[in-house]
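Novice: No gaps in the numbering here: position 373 of the sequence shown is 366 in our numbering, and each next residue is one more. We put the CB at the ideal spot given by N, CA and C, even for glycine. All figures in this text were calculated on a predicted structure; none of them were measured in a lab. Handing you this structure, nothing more for now.
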Amino acid sequence: MQGTPYYGPDFDLLQSRDPELAQVLLDELDRLRGELQLIASENLASPAVLAALGSTLTNKYAEGYPGRRCYGGCEVVDRAENLANERAKRLFGADHVNLQPYSGTSANLATYAALLQPGDTVLALALPHGGHYTHGSRLNFSGRWFDIVPYGVRRDDELIDYDEVRHLTLRHRPKMIICGATSYPRTIDFSVFRGIADEVGAWLVVDAAHLIGLVAGGSVPSPVPHADVVTFSTHKTLRGPRGGGVLCTAELAPRIDQAVFPFVQGGPLMDTIAAKAVALGEALDPSFADYTESVVRNARTLVEALAGEGMRPVSGGTDTHLALVDVRGLGVTGVDVEQWCADARIVVNKNVIPYDPEPPTVTSGVRVGTLCVTTQGMGVAEMKEIASWIADAVKNPASAQTIATKVANLVARHRAYPE
Ligand code: DSN
């Protein structure tokens, strides 16, 4: 399948200087083009974003912020960061933004550092109910350094139990409440969280790592008017480079900036910040709203079709780019489905479901997302086909090769990086 590599004019140079590494890039491009990517946290950044990443801005040390750096020679990279910041503030209507975090996890670490002292109490969505490891895993700084009180989803409808959130808040009086998730398919009522936080004077932090691009496109409600701080990653729904960011009120701006640098991080990745500026520019284009609308429509279609094949949608469906399905009705586990789909060249991830009887290494669920396939131009007809192939792969693993051929035909018609 390899042909014109995607990496621009300098790729020839890389191939002649380091053919071994160049082959890795070519093979990854082939992998992307040869499979169906349904990982809910992955997308295909545009050629313009990749061009900014592969630029000389990677060379510049720029610790500090535009106009107040620790090094000389920053006047050009300052323009990239200012552009990115202005675009983010315009897109999200936020008072302040910091685009230096290396990832969503770094953005969360900086936010804890800005608002809390070790030992403070934090209310956060339980990991097995869709939360993130930075929301209280014992293996992460959050669970080791803070007193985490987890809230969950109801057993019957698998939706966030706002009564429980309020009850736990009044009982434990957390200093910070965090909402946002990695595998919660529904919208979150940020105004309810705001009201609960206000009852005890807690900070409200929204981890919008998964939702931020849908917010940009207007496909889900924005947390910005309700939260003190919104953290996010830039490579999922926002379709930018791998990285993170923080939006906050004007009041918190100095605390957030000092927490990102120098408390948590060193020199910012200026090439990545330039690429974030490009992605934010793309998200400001009206066509981005059409994209996110298609992403959500595709996710709804995919999960409805999977339900028709016996895979139960957790919470009954989705409002976002991702869905979580309970596969126990087919007598299989999440790890089985992940492997059988991989054999058919469909990439999904096993995922715990709320109240899962299986351990995280096995799971009763699978998470699917429609970011990449929508970027590739697929629509509802393709989602129905994909759901039937997933079902075939699970119900008859011996059919993997036949399904892989159908997948190859589909991805050839909707090629990743057709340029
Ligand atoms: N890796 C992200 C996800 O898959 O949701 C979370 O960090």
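(1) Pick out every residue whose C-beta is nearer than 5 angstroms to a heavy atom of the ligand DSN: which are they, in chain order?
(2) Taking only the alpha-carbon atoms, compute the straight-line gap between residue 292 and residue 276 and give it to the nearest angstrom.
(3) Cα separation between residue 227 and residue 161?
(4) Count the C-beta pairs between the stretch 73 to 81 and the stretch 168 to 176 that are closer than 8 angstroms, then say yes if the count reaches three, no if not.
(5) If contacts are defined as beta-carbon pairs under 8 angstroms, then residue 103 and residue 249 qualify, I think. What distance do you get, rounded to the angstrom?
(6) Taking 6 angstroms as the limit between beta carbons, can you name the residues of its chain near residue 145, skipping five residues before and five after?
(7) Could you say which of 142, 152, 88, 3 lies nearest to residue 307 if we only look at CA atoms?
(8) What's the C-alpha gap between residue 351 and residue 343?
(9) State the beta-bridge partners of residue 316 as determined by DSSP.
(10) Could you tell me which whole beta strand (DSSP E) segments of length 3 or greater appear in the stretch 143 to 198?
(11) By Cβ distance, which residues of its chain are closer than 8 angstroms to residue 349, with the 5 residues on each side in sequence left out?
(12) Quick check on DSSP: helix, strand or coil for residue 141?
(13) Out of 303, 20, 332, 333, point me to the one whose CA is closest to residue 320's CA.
(14) Mind reading off the beta-carbon distance from residue 334 to residue 379? Whole number of angstroms is fine, and I expect it under 8 angstroms.
(15) Could you please give me the residues that DSSP links to residue 240 through a beta bridge?
(16) Can you tell which of 59, 84, 21, 92 has the C-alpha that lies nearest to the C-alpha of residue 253?
(17) Are the beta-carbon atoms belonging to residue 245 and residue 36 less than 8 angstroms from one another?
(18) Determine the contact status of residue 38 and residue 272, defining contact as a CB-CB distance below 8 angstroms.
(19) How many Å lie between residue 239 and residue 318 at the Cα?
(20) Tell whether a beta-carbon distance below 8 angstroms holds between residue 396 and residue 386.
(21) For residue 165 and chain D, any beta-carbon pair shorter than 8 angstroms?
(22) So, with DSSP's three-state summary, where would you put residue 296?
(23) Are the stretch 181 to 193 and the stretch 213 to 220 touching, with three or more C-beta to C-beta distances below 8 angstroms?
(24) Given a cut-off of 8 angstroms, decide if residue 281 and residue 210 are closer than it, judged by their beta-carbon atoms.
(25) Would you give the residue range spanned by the alpha helix (DSSP H) that residue 273 belongs to?
(26) With DSSP as the reference, label residue 258 as helix, strand or coil.
(27) Within a Cβ cutoff of 7 angstroms, which residues of the same chain sit near residue 147, ignoring the five residues on either side of it in sequence?
(28) Using the Cβ count rule (16 or more neighbours within 10 Å means buried), how would you classify residue 69?
Specialist: If we stick to the structure as given:
(1) Qualifying residues come out as 34, 175.
(2) Each residue's Cα considered, the two are about 20 angstroms apart.
(3) Rounded to the nearest whole angstrom, the C-alpha separation of residue 227 and residue 161 is 32 angstroms.
(4) The stretch 73 to 81 is not in contact with the stretch 168 to 176.
(5) By a beta-carbon distance limit of 8 angstroms, residue 103 contacts residue 249. Their separation comes to about 7 angstroms.
(6) Answer for residue 145: 119, 122, listed in chain order.
(7) Comparing Cα positions, the closest option is 152.
(8) CA-CA distance, residue 351 to residue 343, rounds to 11 angstroms.
(9) DSSP lists 361 as the beta-bridge partner residues of residue 316.
(10) Whole beta strand (DSSP E) segments, 3+ residues: 169 to 172.
(11) Around residue 349: 121, 356, 357, 358.
(12) Annotated three-state conformation of residue 141 is strand, per DSSP.
(13) Nearest neighbour of residue 320 by Cα position, chosen from 303, 20, 332, 333, turns out to be 303.
(14) Rounded to whole angstroms, the Cβ separation of residue 334 and residue 379 is 10 angstroms, and the two are not in contact under 8 angstroms.
(15) Residue 240 pairs with 90, 223.
(16) The candidate whose alpha carbon is nearest that of residue 253 is 92.
(17) Not a contact, by the Cβ cut-off of 8 angstroms.
(18) Cβ atoms of residue 38 and residue 272: closer than 8 angstroms.
(19) Counting only the Cα atoms, residue 318 lies some 31 angstroms from residue 239.
(20) Annotated as proximal: residue 396 and residue 386, with beta-carbon spacing under 8 angstroms.
(21) The structure shown contains no chain D; it is built from a single protein chain.
(22) Note: residue 296 maps to helix in three-state DSSP.
(23) Touching, yes, given that three or more Cβ pairs across the two stretches are closer than 8 angstroms.
(24) Cβ distance < 8 angstroms, so residue 210 and residue 281 count as in contact.
(25) Element bounds for residue 273: 263 to 277.
(26) Shown here, residue 258 sits in coil according to DSSP, grouped into three states, outside any helix or strand.
(27) The residues are 154.
(28) By the 10 Å Cβ count, residue 69 comes out exposed.
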